[in-house]
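Per this note's numbering: the sequence shown ends with 542, consecutive numbering throughout.
The beta carbon of each residue, even a glycine, is placed where N, CA and C say it ideally should be.
None of these values were measured; they are calculated from a predicted model.
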Amino acid sequence: MTGVVGSLRLTGPGGGEGPGAGAGAGAGFRVLLPGVWLGLSRVVTGVVFSHFVVELFPGSMVLVQPGASLRAGWFEAFDRWDALTYLTLARSGYSASTPQLKGSFFPGFPLAVDAVHWGTFGLVGYLEAGCLVSWASFIAASGLLFLLVSRRFGAGVALAATGLFCWFPTSVFFLAPYSEALFVLLILVALWLLERERFLAAAVVAAYGSATSPLAIGLGAAIVVGALVAGRGVRRAVGYGVVSGTGAVAFLVYLWARFGSPVVFWTEQRRWHRMTVFPLWGVVRNAVSIRQLLDSRGPVVPGTNPLSTNVVVVWVVDDVVLVAAAVVVATLGVAAYRGFRGTGGSDVGGEVGAGMPLAWVVLLGVMVLIVASTVVRLDTVYVSTESDARLLSVAVPLYPALVLLVRRWLAPVVLGLAASVTAALLFQVLFTLYSWMT
Numbered sequence: 105m106t107g108v109v110g111s112l113r114l115t116g117p118g119g120g121e122g123p124g125a126g127a128g129a130g131a132g133f134r135v136l137l138p139g140v141w142l143g144l145s146r147v148v149t150g151v152v153f154s155h156f157v158v159e160l161f162p163g164s165m166v167l168v169q170p171g172a173s174l175r176a177g178w179f180e181a182f183d184r185w186d187a188l189t190y191l192t193l194a195r196s197g198y199s200a201s202t203p204q205l206k207g208s209f210f211p212g213f214p215l216a217v218d219a220v221h222w223g224t225f226g227l228v229g230y231l232e233a234g235c236l237v238s239w240a241s242f243i244a245a246s247g248l249l250f251l252l253v254s255r256r257f258g259a260g261v262a263l264a265a266t267g268l269f270c271w272f273p274t275s276v277f278f279l280a281p282y283s284e285a286l287f288v289l290l291i292l293v294a295l296w297l298l299e300r301e302r303f304l305a306a307a308v309v310a311a312y313g314s315a316t317s318p319l320a321i322g323l324g325a326a327i328v329v330g331a332l333v334a335g336r337g338v339r340r341a342v343g344y345g346v347v348s349g350t351g352a353v354a355f356l357v358y359l360w361a362r363f364g365s366p367v368v369f370w371t372e373q374r375r376w377h378r379m380t381v382f383p384l385w386g387v388v389r390n391a392v393s394i395r396q397l398l399d400s401r402g403p404v405v406p407g408t409n410p411l412s413t414n415v416v417v418v419w420v421v422d423d424v425v426l427v428a429a430a431v432v433v434a435t436l437g438v439a440a441y442r443g444f445r446g447t448g449g450s451d452v453g454g455e456v457g458a459g460m461p462l463a464w465v466v467l468l469g470v471m472v473l474i475v476a477s478t479v480v481r482l483d484t485v486y487v488s489t490e491s492d493a494r495l496l497s498v499a500v501p502l503y504p505a506l507v508l509l510v511r512r513w514l515a516p517v518v519l520g521l522a523a524s525v526t527a528a529l530l531f532q533v534l535f536t537l538y539s540w541m542t
């Protein structure tokens with residue numbers, strides 16, 4: 105029964121390495137290398153590409169936020185949107201006088217940026233430190249993702265999954281001073297520790313993750329499930345879950361002491377027009393908003409001048425990513441049900457035998473549920489799935505699952521990767537030119 109609960113069979117019996125394959129530090133390092141090179145190539149390509157974008161379009165009056173100065177530096181091209189808030193938090197901390205600095209952003213990433221700045225005795229500025237934290241985290245995450253996936257599903261699936269991760273449509277946010285790259289690295293480190301049944305260490309890593317993003321709820325749930333599957337007992341598994349959330353609890357206590365309320369994070373979210381809805385209802389409402397936007401009746405964010413086509417492209421990508429993730433979760437849910445019924449799971453992923461750990465499925469499912477249940481309501485009419493693709497980019501089980509579900513047919517894999525690379529480059533242009541996309 106443990107074998108059935110611990111992994112969902114997505115493929116038939118056959119090749120592929122198990123979790124314990126390739127033992128030894130040297131072997132593990134060699135398995136890391138392809139992913140590291142993929143991540144490094146994405147960083148270099150992204151930095152050079154953004155540099156050329158600001159050189160070629162130094163003064164776009166359509167896409168550039170009014171009052172913003174575009175400099176052609178290697179780091180300045182990523183100093184956009186929420187990066188400004190993260191770097192300000194790293195520099196001066198939370199403040200009641202500025203809405204963006206009053207608890208609506210978690211402290212994990214700013215603390216890491218500040219540590220790099222002070223660790224170099226101030227020689228590395230906050231912008232440079234933010235970029236370096238993101239770039240190093242992203243490269244390390246790419247290597248670790250390749251390692252984890254290759255040991256379960258084989259090198260071919262790992263290569264495709266890591267390529268999709270590196271060139272996800274919203275991968276530009278992994279390169280910018282945003283929390284996504286650091287958070288996804290924490291997720292992968294915790295999953296790596298789960299593979300070795302080091303649950304307390306995984307919970308400690310997840311604790312820092314819970315101070316980095318509210319989506320860490322999914323990581324805590326995955327650790328609890330992993331501990332239960334390994335037979336650690338309910339009390340101990342719940343204890344690991346409690347440890348996993350201590351970072352978020354510490355943040356709430358800080359907000360209480362600083363601003364007089366532990367729920368400042370939720371109240372401040374109203375400034376960003378976020379609200380909770382029935383899962384996936386936002387996709388339906390967003391389809392209506394897109395039609396109205398194309399009819400030139402759509403919203404314009406104060407202080408910006410976005411192109412209607414730009415907003416539509418971003419929203420469509422958000423909708424597609426969210427729906428695809430929901431389909432993957434539903435498919436994995438069916439596989440889980442069949443596994444519990446003793447049928448051995450579903451044969452939907454190709455011919456290389458491997459198992460999707462139940463903890464991974466729980467992680468993905470909780471993250472998709474949270475993202476699918478939040479929308480941005482710009483007024484009483486327009487509803488947006490804004491940021492959904494960016495938020496789901498950290499849901500690492502999504503990448504191997506997408507590849508496995510279509511692995512029998514090479515064309516969808518190739519076309520999917522090509523479409524993702526195209527969208528990633530387009531999003532990077534929009535982001536670099538300060539267009540409305542978050």
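Exercise. Beta-carbon separation of R494 and T274 under 8 Å?
Worked result: In the sequence shown, the residue the question calls residue 494 occupies position 390. In the sequence shown, the residue the question calls residue 274 occupies position 170. Yes. Within cutoff.
Problem set entry | Burial state of S365 (16 or more Cβ within 10 Å) | In the sequence shown, counting from the first residue as 1, residue 365 sits at position 261. Per the 10 Å Cβ criterion, exposed.
Exercise. Once you ignore the five residues that flank V288 on each side, which residues in its own chain have a CB closer than 8 Å to its CB?
Worked result: The sequence position of residue 288 within the sequence shown is 184, counting from 1. The beta carbon of V288 sits closer than 8 Å to those of S241, F242, A245, F278, S497, V498 and V500, all from its chain and outside the five residues before and after it, given in chain order.
Exercise. Going along the chain, which residues of its own chain have a beta-carbon closer than 7 Å to the beta-carbon of V329, five neighbours each way excluded?
Worked result: Numbered from its first residue, the sequence shown carries residue 329 at position 225. Excluding sequence positions up to five before and after V329, its CB lies within less than 7 Å of the CB of L462, A463 and V466, all in the same chain and listed in chain order.
Exercise. Beta-carbon separation of L252 and E284 under 8 Å?
Worked result: Residue 252 sits at position 148 when you count from the first residue of the sequence shown. Residue 284 sits at position 180 when you count from the first residue of the sequence shown. Note that the C-beta distance between L252 and E284 is not below 8 Å.
Exercise. How about A187 and P281: are their beta carbons less than 8 Å apart?
Worked result: Within the sequence shown, residue 187 is the residue found at index 83, counting from 1. Within the sequence shown, residue 281 is the residue found at index 177, counting from 1. The Cβ-Cβ distance between A187 and P281 falls below 8 Å.
For this session: Mind checking which residues open and close the alpha helix (DSSP H) that includes V510?
Result: To locate residue 510, count along the sequence shown from 1; it is residue 406. Counting along the chain, V510 sits inside no alpha helix (DSSP H), nor does DSSP assign it H or E at all.
For this session: Quick one: give me the first and last residue of the alpha helix (DSSP H) that V338 is part of.
Result: As a working mapping, residue 338 is identified with position 234 in the sequence shown. Counting along the chain, the alpha helix (DSSP H) containing V338 begins and ends at V338 to S348.
For this session: Could you tell me the boundaries of the beta strand (DSSP E) in which G459 lies?
Result: Here residue 459 corresponds to residue number 355 of the sequence shown, with the count starting at 1. G459 to P461 is the extent of the beta strand (DSSP E) around G459.
For this session: Report all residues from its chain with a CB closer than 6 Å to the CB of D183; omit the five preceding and five following residues, and keep chain order.
Result: On the sequence shown, position 79 is the one that residue 183 refers to. Within the same chain, Cβ atoms closer than 6 Å to the Cβ of D183 are found at L231, the five residues on either side in sequence being excluded.
Exercise. Cβ of V157 within 8 Å of Cβ of T536?
Worked result: Counting from one through the sequence shown, the residue named residue 157 turns up at place 53. Counting from one through the sequence shown, the residue named residue 536 turns up at place 432. Closer than 8 Å, so yes.
Exercise. Does DSSP classify G119 as helix, strand or coil?
Worked result: As a first step, residue 119 is located in the sequence shown; it is residue number 15 there, counting from the start. Only weak support exists for where G119 lies, its pLDDT of 41 falling under 50; the value from the coordinates is given anyway. If DSSP states are grouped into helix, strand and coil, G119 belongs with coil.
Exercise. What is the DSSP secondary structure of R184, counted as helix, strand or coil?
Worked result: Counted from its first residue, the sequence shown places residue 184 at position 80. In the three-state scheme derived from DSSP, where H, G and I count as helix and E and B as strand, R184 is classed as coil.
For this session: Apply the 10 Å Cβ neighbour rule to T447 and answer buried if 16 or more other Cβ atoms are within range, or exposed otherwise.
Result: Here residue 447 refers to the residue found at position 343 of the sequence shown. For T447, the predicted structure reports a pLDDT of 46, less than 50, and the residue's modelled location is therefore unreliable. A value from the coordinates is still provided. By the neighbour-count rule (16 or more Cβ atoms within 10 Å), T447 is not buried but exposed.
Problem set entry | Per-residue burial, V388 [other beta carbons within 10 Å of its own, 16 or more giving buried] | Here residue 388 is taken as the residue at index 284 of the sequence shown, counted from 1. The residue is exposed, with fewer than 16 neighbouring Cβ atoms inside 10 Å.
For this session: Run the CB neighbour count on V73, radius 10 Å, all protein chains shown included, and call it buried at 16 or more, exposed below.
Result: Residue 73 lies beyond the stretch modelled for the chain, which goes from 105 to 542, so this question has no answer here.
Exercise. Mind checking L519: buried by the 16 CB within 10 Å criterion, or exposed?
Worked result: As a first step, residue 519 must be located in the sequence shown, where it is residue number 415. By the neighbour-count rule (16 or more Cβ atoms within 10 Å), L519 is not buried but exposed.
For this session: Can you check DSSP and say which residues form a bridge with R481?
Result: Numbered from its first residue, the sequence shown carries residue 481 at position 377. Beta-bridge pairing links R481 to V487.
For this session: Enumerate in chain order the residues of its own chain whose CB-to-CB distance from V507 is below 6 Å, with the five nearest sequence positions on each side excluded.
Result: Locating residue 507 in the sequence shown gives position 403, counting from the first residue. Scanning its chain for C-beta atoms nearer than 6 Å, with the 5 sequence neighbours on each side dropped, one finds around V507 the residues V261, A264 and A265, in chain order.
Exercise. On the three-state DSSP scale, how would you describe T435?
Worked result: By 1-based counting over the sequence shown, the position of residue 435 is 331. Of the three classes helix, strand and coil, the one that applies to T435 here is helix, per DSSP.
For this session: Would you mind sorting E159 into buried or exposed? The rule is 16 or more other CB atoms within 10 Å of its CB.
Result: Start at 1 with the first residue of the sequence shown, and residue 159 comes out as number 55. E159 should be labelled exposed.
Problem set entry | Residues near D492 by beta carbon distance below 6 Å, same chain, minus five either side | The residue given as residue 492 occupies position 388 in the sequence shown. These residues qualify, in order along the chain: D422, L426 and V475.
For this session: Could you please give the first and the last residue of the uninterrupted beta strand (DSSP E) stretch that includes T316?
Result: Numbered from 1 along the sequence shown, position 212 holds the residue referred to as residue 316. That residue, T316, is in no beta strand (DSSP E); it is neither H nor E in DSSP.
Problem set entry | Close Cβ partners of A505 (< 6 Å) along its chain, the five nearest in sequence each way excluded | Stepping through the sequence shown from its first residue, residue 505 is reached at position 401. Here the set comprises V432.
Exercise. In its own chain, which residues sit with a C-beta less than 6 Å from the C-beta of F179, not counting the 5 before and 5 after it?
Worked result: The residue labelled residue 179 in the question sits at position 75 within the sequence shown. Taken in chain order, the residues that qualify are L231, E232 and C235.
Exercise. For R256, which beta-bridge partners are listed by DSSP?
Worked result: Along the sequence shown, read from residue 1 onward, the residue named residue 256 stands at position 152. Within the DSSP secondary-structure output, R256 pairs in no beta bridge.
Exercise. If you draw a straight line from the alpha carbon of V333 to that of S238, how long is it in whole angstroms?
Worked result: Along the sequence shown, read from residue 1 onward, the residue named residue 333 stands at position 229. Along the sequence shown, read from residue 1 onward, the residue named residue 238 stands at position 134. Using only the alpha carbons, I get a separation of about 33 Å.
For this session: Check the C-beta distance from S314 over to A352 and give it rounded, since I have them as a contact under 8 Å.
Result: Taking the sequence shown and counting its residues from 1, the one referred to as residue 314 is at position 210. Taking the sequence shown and counting its residues from 1, the one referred to as residue 352 is at position 248. Indeed they touch by this definition, with Cβ atoms about 4 Å apart.
Exercise. Roughly how many angstroms lie between the CA atoms of T408 and I394, to the nearest whole one?
Worked result: As a first step, residue 408 must be located in the sequence shown, where it is residue number 304. As a first step, residue 394 must be located in the sequence shown, where it is residue number 290. Note that T408 scores 45 on pLDDT, short of 50, meaning its location in the model is unreliable; the coordinates nonetheless yield the value given after this. Between the alpha carbons of T408 and I394 lies a gap of roughly 18 Å.
For this session: Report the three-state DSSP secondary structure of R302 (helix, strand or coil).
Result: Taking the first residue of the sequence shown as 1, we reach residue 302 at position 198. Correct three-state label for R302: coil.
Exercise. Which stretch, first to last residue, makes up the alpha helix (DSSP H) that contains F278?
Worked result: In the sequence shown, the residue the question calls residue 278 occupies position 174. Run containing F278: V276 to L279, per the alpha helix (DSSP H) assignment.
Problem set entry | Nearest residue (CA-CA) to F355, options P318, L137 and A326 | By 1-based counting over the sequence shown, the position of residue 355 is 251. Measuring from the Cα of F355, the nearest candidate turns out to be P318.
For this session: Could you check which residue in H221, T316, V293 and V470 has the C-alpha nearest to that of G212?
Result: Here residue 212 refers to the residue found at position 108 when the sequence shown is read from its first residue. Closest option to G212, Cα to Cα, is T316.
Exercise. Can F272 and A429 be called in contact, C-beta distance under 8 Å?
Worked result: By 1-based counting over the sequence shown, the position of residue 272 is 168. By 1-based counting over the sequence shown, the position of residue 429 is 325. Their beta carbons are not under 8 Å apart, which means F272 does not touch A429 by this criterion.
Exercise. Excluding sequence positions up to five away, which residues of its chain have a Cβ less than 8 Å from the Cβ of L286?
Worked result: One-based indexing of the sequence shown puts residue 286 at position 182. The residues are G212, F213, A216, V237, S238, S241 and T316.
Exercise. How many whole angstroms separate the CB atoms of A331 and F303, which I take to be in contact at a CB cut-off of 8 Å?
Worked result: In the sequence shown, residue 331 corresponds to position 227, counting from 1. In the sequence shown, residue 303 corresponds to position 199, counting from 1. 5 Å between Cβ atoms; contact.
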